[in-house]
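Line by line, the protein sequences give chains G and A. If you're matching positions, the first sequence starts at 1 in the working numbering and goes up one per residue. If you're matching positions, the second sequence starts at 1001 in the working numbering and goes up one per residue. Idealized CB from N, CA, C, for every residue including glycine. All figures in this text were calculated on a predicted structure; none of them were measured in a lab. Here is the structure we will look at.
Number of protein chains: 2
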Amino acid sequence: MARRVVDAAADRSVCVVASAMGDTTDELLGLAAEVTRVPPPRELDMLLTAGERISIALLSMAIMDLGRSAISFTASQAGIVTDAAHGKARIVDVRSSRVLQALEEGKVAIVAGFQGVSSELEPTTLGRGGSDTTAVALAAALGAEACEIYTDVEGVFTADPRLVPGARKLDRLSYEEMLELAASGAKVLALRSVEYARNHGLPLHVRSSFAEDEGTWIGKEAEQMDQAIVSGIAHDAAQAKVTILAVPDQPGVAARIFRPLADEGANIDMIVQNVSAEGRTDVSFTLPEEDLALVEPALERVARDVGGSGVTLDADVAKISLVGAGMKSDPGVAADMFDALAEAGINIEIISTSSIRISCVVRASQVERAVHVLHDRFGLSEDALTLEAHPSGQDRADGRG
Amino acid sequence: MARRVVDAAADRSVCVVASAMGDTTDELLGLAAEVTRVPPPRELDMLLTAGERISIALLSMAIMDLGRSAISFTASQAGIVTDAAHGKARIVDVRSSRVLQALEEGKVAIVAGFQGVSSELEPTTLGRGGSDTTAVALAAALGAEACEIYTDVEGVFTADPRLVPGARKLDRLSYEEMLELAASGAKVLALRSVEYARNHGLPLHVRSSFAEDEGTWIGKEAEQMDQAIVSGIAHDAAQAKVTILAVPDQPGVAARIFRPLADEGANIDMIVQNVSAEGRTDVSFTLPEEDLALVEPALERVARDVGGSGVTLDADVAKISLVGAGMKSDPGVAADMFDALAEAGINIEIISTSSIRISCVVRASQVERAVHVLHDRFGLSEDALTLEAHPSGQDRADGRG
Chain G
1 MARRVVDAAA
11 DRSVCVVASA
21 MGDTTDELLG
31 LAAEVTRVPP
41 PRELDMLLTA
51 GERISIALLS
61 MAIMDLGRSA
71 ISFTASQAGI
81 VTDAAHGKAR
91 IVDVRSSRVL
101 QALEEGKVAI
111 VAGFQGVSSE
121 LEPTTLGRGG
131 SDTTAVALAA
141 ALGAEACEIY
151 TDVEGVFTAD
161 PRLVPGARKL
171 DRLSYEEMLE
181 LAASGAKVLA
191 LRSVEYARNH
201 GLPLHVRSSF
211 AEDEGTWIGK
221 EAEQMDQAIV
231 SGIAHDAAQA
241 KVTILAVPDQ
251 PGVAARIFRP
261 LADEGANIDM
271 IVQNVSAEGR
281 TDVSFTLPEE
291 DLALVEPALE
301 RVARDVGGSG
311 VTLDADVAKI
321 SLVGAGMKSD
331 PGVAADMFDA
341 LAEAGINIEI
351 ISTSSIRISC
361 VVRASQVERA
371 VHVLHDRFGL
381 SEDALTLEAH
391 PSGQDRADGR
401 G
Chain A
1001 MARRVVDAAA
1011 DRSVCVVASA
1021 MGDTTDELLG
1031 LAAEVTRVPP
1041 PRELDMLLTA
1051 GERISIALLS
1061 MAIMDLGRSA
1071 ISFTASQAGI
1081 VTDAAHGKAR
1091 IVDVRSSRVL
1101 QALEEGKVAI
1111 VAGFQGVSSE
1121 LEPTTLGRGG
1131 SDTTAVALAA
1141 ALGAEACEIY
1151 TDVEGVFTAD
1161 PRLVPGARKL
1171 DRLSYEEMLE
1181 LAASGAKVLA
1191 LRSVEYARNH
1201 GLPLHVRSSF
1211 AEDEGTWIGK
1221 EAEQMDQAIV
1231 SGIAHDAAQA
1241 KVTILAVPDQ
1251 PGVAARIFRP
1261 LADEGANIDM
1271 IVQNVSAEGR
1281 TDVSFTLPEE
1291 DLALVEPALE
1301 RVARDVGGSG
1311 VTLDADVAKI
1321 SLVGAGMKSD
1331 PGVAADMFDA
1341 LAEAGINIEI
1351 ISTSSIRISC
1361 VVRASQVERA
1371 VHVLHDRFGL
1381 SEDALTLEAH
1391 PSGQDRADGR
1401 G
């Protein structure tokens, strides 16, 4: 990694954001588990921030060992100011004067990712994907040309390449497409970092830590370019479905259901309300499986409060999503998707759409097959490139023009 | 450890200074060695300070797990301000308002030892024994009643108990005695922390991490108390001796020898100059064995500059020291010491004394025997307590009062 940084820094200023090495974070969590069952969030942040402190110092040493001057910065030194929400802090300001000065002095700046400092000078961490967020925020503050995200895959793929061996690396995606993919379960980039990049018009380059090849560029939607109808498929097997039964179909019911659940901190995703029968309706929604424990204690009470007859929980569901900027101008994609899933005998339980995304909730046991079926149907494979470039009678082919 | 802290904090405010756990520092040094042969000092400090960050967070969690409120502080948060000498920084200020506030709120404050922050907000470390120094400096700044130093031995002993099984734990020592013992090789307390405690009149209590018993109290010299002639014996096997041969016996020669060596950062200890013969003299001095590499490149040049005929190096020497406040009023101790060593066939190569200490340089291979011989001769053993309390004809008995 040091060698790559030195090469990259040969003809330009480079600021590197490093996360903790390999299993460091898990090891630290293991130590905490030895002394307490529920680590206090502030002390957990104090503990975990040791991880990047180690990695930035070692990377800086390794770079200097190659003869290039470098200096490491903790989040506090690099001015990554966050709110005080330990474990899931949000960056509120980037005061990067020390980093900028180091770059102006010709040094490679190595900044600790994932961590921040609150205005009360307390250590904080940014939560999952935090290092990406640090990198994007810092790149925007420094006025960088681009932010490269090094990861263990070669870029963003048409589907999870571990699941679909024929999945194809995408050369380019719009912020909006990447946002939909990330929100739909693609783990390659954290949602928050993509939002931040979009808001600052900062080009992102997702590429491999282990290969020199170009990865996937993420930027503004290119008006002139041919827009793929379906750019990629994301899936998320860690979803759960909750249904509140026989709720009186009255104004204000939805708010009385979802306000208390949101207050518990649950990320409610898709919401559907069945057609009313005899003045009563079933209200279903999905949420991350890990959030089920947050809402479970409140659900019976919520159902009673709104006059529902009961609650069902279902952790065996998954979500599969098609994302593509070209979808906006092609109303046939949804029908194609439903058709393909039906042909494969996969039942759709909930549907949700945005202008560039269609998501379906299916049985968790069927989601991997659903990914394969849709990847084939929409011609996303490496082998299907020719087919895609010369559409052969599929009903969405015109839209690709 | 958390349980002990909670017990200690039952009826008073407690601030704990923690060093890194077990082998953490060695592990971090090992990681650095994997990426570079000579780690840059600033980055090494960035790396090593991760160690206490981990230990303070875990200790704080463990204390909270026992139901006591606690909060951890890095050196930066605790206001341990140092100079910028990475790896061997000196504390220049303690701005402990955050620690004080935490104590006033009834929390146990856990502060990272060994580390500091420079006025440029850079991470620093204090070098060997740094956590003791942090504890003493913080205790003085907070106006603490006393500073307890928890260690792997039960206190300060009449000699190294690993070497002399009959060595006796001392209940009380004056700052001056402890300083002489520390300077003479006793490793139980770092010299700098004792100096700091003396300068602030802060009582120190050296005790075991593993037992509840009282250890050794170190404080002002008690005028009324009976002063032991010999309180303890320290030895240091990691010494080296250098002799510059046939130096012209002229004014200014000593400065021309020792100024350049001091500039190399070597800690020159004992210096002796033989009686002049034919206008020339041999100049010998001792220094820590690890400092030999610092001065070696300069020695030949220094010898030539002062007109000496050559240099001899000898890493096989050791220093043995007797320390005791009562020595001031007993001129017979030195003679007793030389006599005992002579009887045991141990040759003395260099002698150096202060008002409460006598040190001799001997062959390294003989130093352990020398410790035993002197420990017996001065009746320091547990078994010798009766003898010591009722002196029986030894010539220094009167001095004991």
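Exposure of residue i, with buried meaning 16 or more beta-carbon neighbours within 10 Å
{"i": "A:Glu1300", "result": "exposed"}
{"i": "A:Pro1039", "result": "buried"}
{"i": "G:Ser365", "result": "exposed"}
{"i": "G:Ser209", "result": "exposed"}
{"i": "A:Ala1062", "result": "buried"}
{"i": "A:Asp1339", "result": "exposed"}
{"i": "A:Ser1019", "result": "buried"}
{"i": "A:Ala1211", "result": "exposed"}
{"i": "A:Glu1052", "result": "buried"}
{"i": "A:Ser1055", "result": "buried"}
{"i": "A:Arg1192", "result": "buried"}
{"i": "A:Gln1224", "result": "Reliability fails at A:Gln1224, whose pLDDT of 46 lies under 50, so the model's placement of it is uncertain and the value that follows must be treated cautiously. Exposed: under 16 other Cβ atoms inside 10 Å."}
{"i": "G:Arg68", "result": "buried"}
{"i": "A:Gly1399", "result": "Residue placement at A:Gly1399 is poorly supported in this model, since its pLDDT is 33, which falls under 50; the coordinates are not used for a value here."}
N-terminal and C-terminal residue of the alpha helix (DSSP H) that residue i is part of
{"i": "G:Ala405", "result": "Chain G is shown from 1 up to 401; residue 405 of chain G falls before or after that span and cannot be answered."}
{"i": "G:Ser329", "result": "Looking at the DSSP string, G:Ser329 is not in any alpha helix (DSSP H), and its letter there is neither H nor E."}
{"i": "G:Gly130", "result": "130 to 142"}
{"i": "G:Gly51", "result": "41 to 65"}
Continuous beta strand (DSSP E) stretch holding residue i: start and end
{"i": "G:Pro203", "result": "G:Pro203 -> no beta strand (DSSP E), and no H or E assigned at all."}
{"i": "G:Ile346", "result": "Element bounds for G:Ile346: n/a, residue is neither H nor E."}
{"i": "G:Asp314", "result": "310 to 323"}
{"i": "G:Arg357", "result": "357 to 363"}
{"i": "G:Ala109", "result": "108 to 112"}
{"i": "A:Ile1351", "result": "1350 to 1354"}
{"i": "G:Ala94", "result": "Sequence inspection shows Val at residue 94 of chain G; the Ala mentioned does not correspond to that position. Note, G:Val94: beta strand (DSSP E), 91 to 94."}
{"i": "G:Val81", "result": "80 to 82"}
Neighbourhood of residue i by C-beta, 8 angstroms cutoff - its chain only, sequence neighbours within 5 removed
{"i": "A:Leu1245", "result": "Asp1282, Ala1303, Gly1308, Ser1309, Gly1310, Val1311, Thr1312"}
{"i": "A:Leu1100", "result": "Leu1142"}
{"i": "G:Ala240", "result": "Thr286, Leu287, Pro288, Glu289, Asp291, Leu292, Leu313, Asp314, Ala315, Val317"}
{"i": "G:Asp93", "result": "Gly79, Val81"}
{"i": "A:Ala1002", "result": "Leu1059, Ala1062, Ile1063, Asp1065, Leu1066"}
{"i": "G:Val371", "result": "Ala159, Asp160, Leu163, Val164, Ile233, His235, Ile320"}
{"i": "A:Glu1097", "result": "As written in the sequence, residue 1097 of chain A is Ser, which differs from the Glu given in the question. So the list reads Gly1079, once near-sequence residues are dropped."}
{"i": "G:Leu170", "result": "Gly155, Val156, Phe157, Thr158, Thr216, Ser231, Gly232"}
Beta-carbon contacts of residue i that lie in its chain and below 7 angstroms, excluding the five residues immediately before and after
{"i": "G:Lys328", "result": "Ser355, Ile356"}
{"i": "A:Leu1103", "result": "Ser1013, Cys1015, Ala1109"}
{"i": "G:Ala334", "result": "Thr353, Ile358"}
{"i": "A:Arg1090", "result": "Thr1082, Asp1083"}
{"i": "G:Thr24", "result": "Gly51, Ile54"}
Three-state secondary structure assigned by DSSP to residue i
{"i": "G:Val283", "result": "strand"}
{"i": "A:Phe1157", "result": "strand"}
{"i": "A:His1235", "result": "strand"}
{"i": "G:Ser72", "result": "strand"}
{"i": "G:Arg168", "result": "coil"}
{"i": "G:Gly185", "result": "coil"}
{"i": "G:Glu148", "result": "strand"}
{"i": "G:Val99", "result": "helix"}
{"i": "A:Ala1018", "result": "strand"}
{"i": "G:Pro260", "result": "helix"}
Beta-carbon contacts of residue i that lie in its chain and below 6 angstroms, excluding the five residues immediately before and after
{"i": "A:Ala1197", "result": "Val1136, Leu1204"}
{"i": "G:Gly265", "result": "Leu294"}
{"i": "G:Met46", "result": "Pro123"}
{"i": "G:Lys88", "result": "Gly127"}
{"i": "A:Thr1158", "result": "Ala1167, Arg1168, Gly1232, Leu1380"}
{"i": "A:Lys1319", "result": "Asp1236, Gln1239, Ser1359, Val1361"}
{"i": "A:Ala1146", "result": "Pro1203, His1205"}
{"i": "A:Arg1004", "result": "none"}
Proximity below 7 angstroms, CB of residue i to CB of residue j
{"i": "A:Gly1113", "j": "A:Ser1131", "result": "yes"}
{"i": "G:Val362", "j": "G:Ile350", "result": "no"}
{"i": "A:Arg1042", "j": "A:His1086", "result": "yes"}
{"i": "A:Gly1324", "j": "A:Ile1229", "result": "yes"}
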